[in-house]
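Quick notes on the structure that follows.
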Amino acid sequence: MYHHVKQLMYTVHVDNPDPRFGNMLLEQFGGPNGELAAAMQYTVQAINCEDGGRKDLLMDIGTEEISHLEVIGNLARLHLKPTKKSRQAAEANPFISIVGGGGVGLTNSMGVNWTAGYLKISGQIEVDLRSNIAAEARAKITYERLLNFCDDPGSKDALMFLMTREIAHMKSFMIALDSLGKDPLEIGQMPPDRRFVNKYFNDSTGTGPEGETDTRGPWNTDGFDFEDSPVLTSLSESSGRRLRT
Ligand code: MN
Ligand code: MN
Numbered sequence: 003m004y005h006h007v008k009q010l011m012y013t014v015h016v017d018n019p020d021p022r023f024g025n026m027l028l029e030q031f032g033g034p035n036g037e038l039a040a041a042m043q044y045t046v047q048a049i050n051c052e053d054g055g056r057k058d059l060l061m062d063i064g065t066e067e068i069s070h071l072e073v074i075g076n077l078a079r080l081h082l083k084p085t086k087k088s089r090q091a092a093e094a095n096p097f098i099s100i101v102g103g104g105g106v107g108l109t110n111s112m113g114v115n116w117t118a119g120y121l122k123i124s125g126q127i128e129v130d131l132r133s134n135i136a137a138e139a140r141a142k143i144t145y146e147r148l149l150n151f152c153d154d155p156g157s158k159d160a161l162m163f164l165m166t167r168e169i170a171h172m173k174s175f176m177i178a179l180d181s182l183g184k185d186p187l188e189i190g191q192m193p194p195d196r197r198f199v200n201k202y203f204n205d206s207t208g209t210g211p212e213g214e215t216d217t218r219g220p221w222n223t224d225g226f227d228f229e230d231s232p233v234l235t236s237l238s239e240s241s242g243r244r245l246r247t
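Residue 91 in my numbering sits at position 89 of the sequence shown, with consecutive numbering throughout.
Quick look at the structure:
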């Protein structure tokens with residue numbers, strides 16, 4: 003069950019409201035990488051999780067994300083407040099001003115409605131934890147970009163707190179994944195077909211418009227057989243000539 007405490011997880015001060023910046027902040031309120039998406043993803047994963055320890059982790063972090071939603075929502079609302087009365091401010095987001103009366107709504111910065119389609123819930127803990135590590139990485143970079151466009155000290159302070167917590171969550175999810183004791187490439191129960199799992203197909207060949215060319219690195223060398231594209235192999239076999247460039 004839930005219980006609400008009438009205090010923000012992190013105190014929010016806005017010295018200079020900036021409606022256009024408030025509109026950008028909606029990305030972390032109702033956007034694809036925002037706090038509601040994180041809260042719902044982890045909470046629903048927790049409901050489905052049959053591993054007691056990790057279920058608890060998912061519920062803890064899912065609940066913290068609801069507290070983040072409250073912080074970012076209050077921060078956005080303070081920046082958007084001038085859209086209640088000022089025509090010039092209202093132009094930052096006419097929908098919020100005219101339909102929402104200057105308050106936040108569950109949309110991204112472009113007014114697109116939040117959707118459960120943003121969520122990744124697989125019912126397989128090692129898959130869910132990977133989705134969550136990626137979700138935290140996206141949330142982190144979104145906060146970083148918002149910070150780069152912010153010059154209000156109070157807002158920066160709250161955004162830095164929220165950005166930092168995403169790295170803390172990422173760390174927990176990474177350790178929870180590692181502590182499953184599964185091989186990093188062991189996903190689900192069924193092993194992959196050994197004939198194809200260690201092959202690397204060189205599927206983009208030649209020299210590109212920016213001079214890029216085939217690169218050999220650990221991602222196609224370590225434990226891999228580096229082979230020509232199956233397309234080129236079959237074409238050259240069927241036409242009897244070499245098509246490689
Ligand atoms: Mn968060
Ligand atoms: Mn997080």
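All residues carry an ideal CB built from backbone N, CA and C; glycine is no exception.
Original post:
By a C-beta neighbour count over all protein chains shown, 10 Å radius and 16 as the cutoff for buried, is Ser240 buried or exposed?
Top reply: The sequence position of residue 240 within the sequence shown is 238, counting from 1. Exposed: under 16 other Cβ atoms inside 10 Å.
Subject >> Backbone secondary structure at Phe97 - three-state DSSP >> reply: In the sequence shown, residue 97 corresponds to position 95, counting from 1. Here Phe97 sits in helix by DSSP.
Subject >> Pair within 8 Å by beta-carbon distance, Leu161 and Leu108 >> reply: Taking the sequence shown and counting its residues from 1, one reaches residue 161 at position 159. Taking the sequence shown and counting its residues from 1, one reaches residue 108 at position 106. Not a contact, by the Cβ cut-off of 8 Å.
**OP:** Have a look at Thr166 and Ser236 and give me their C-alpha separation to the nearest angstrom.
**Re:** Taking the first residue of the sequence shown as position 1, residue 166 is located at position 164. Taking the first residue of the sequence shown as position 1, residue 236 is located at position 234. Looking at the two C-alpha atoms, the distance is approximately 51 Å.
Original post:
DSSP three-state call for Phe228: helix, strand or coil?
Top reply: Counting from 1 along the sequence shown, the entry for residue 228 is found at position 226. Strand at Phe228.
**OP:** Could you tell me the distance, in whole angstroms, from the CA atom of Gly137 to the CA atom of Ser238?
**Re:** For the purposes of this step, residue 137 is taken as residue 135 along the sequence shown, with counting starting at 1. For the purposes of this step, residue 238 is taken as residue 236 along the sequence shown, with counting starting at 1. Note that residue 137 is Ala in the sequence shown, not Gly. Taking the straight line joining both Cα atoms gives about 43 Å.
Subject >> Own chain partners of Leu80 with C-beta closer than 8 Å, once the 5 adjacent residues on each side are dropped >> reply: Looking up residue 80 in the sequence shown gives position 78. The residues are Val14, Val16, Pro19, Gly24.
**OP:** Note down, in chain order, each residue of its chain lying with its Cβ closer than 7 Å to the Cβ of Phe203, except the 5 sequence neighbours on either side.
**Re:** Translated into the one-based positions of the sequence shown, residue 203 becomes position 201. Same-chain partners within the cutoff: Glu229, Ser231, Pro232.
Subject >> From Gly208, Phe31, Glu66, residue whose alpha carbon lies closest to that of Thr117 >> reply: Position 115 of the sequence shown, counting from 1, holds the residue named residue 117. Nearest C-alpha to Thr117: Phe31.
Subject >> C-alpha distance - Glu214 paired with Thr144, whole-angstrom precision >> reply: By one-based count along the sequence shown, residue 214 stands at place 212. By one-based count along the sequence shown, residue 144 stands at place 142. Each residue's Cα considered, the two are about 29 Å apart.
**OP:** Scan the segment 159 to 241 and note each continuous beta strand (DSSP E) run of 3 residues or more that stays entirely inside, going in chain order.
**Re:** 201 to 204, 227 to 230
Subject >> Sufficient close CB pairs (3 or more, under 8 Å) joining the segment 171 to 181 to the segment 125 to 134 >> reply: yes
Subject >> Identified DSSP bridge partners for Asn115 >> reply: Locating residue 115 in the sequence shown gives position 113, where the first residue counts as 1. For Asn115, which the question treats as bridged, DSSP gives the partners Thr109.
Subject >> Span of the alpha helix (DSSP H) around Glu67 >> reply: Position 65 of the sequence shown, counted from the first residue, corresponds to residue 67. Here the alpha helix (DSSP H) through Glu67 covers 54 to 82.
Original post:
Going by the beta-carbon positions, is the gap between Leu71 and Ala41 smaller than 8 Å?
Top reply: Working through the sequence shown from its first residue, we reach residue 71 at position 69. Working through the sequence shown from its first residue, we reach residue 41 at position 39. It is a contact, given that the beta carbons lie within the stated cut-off.
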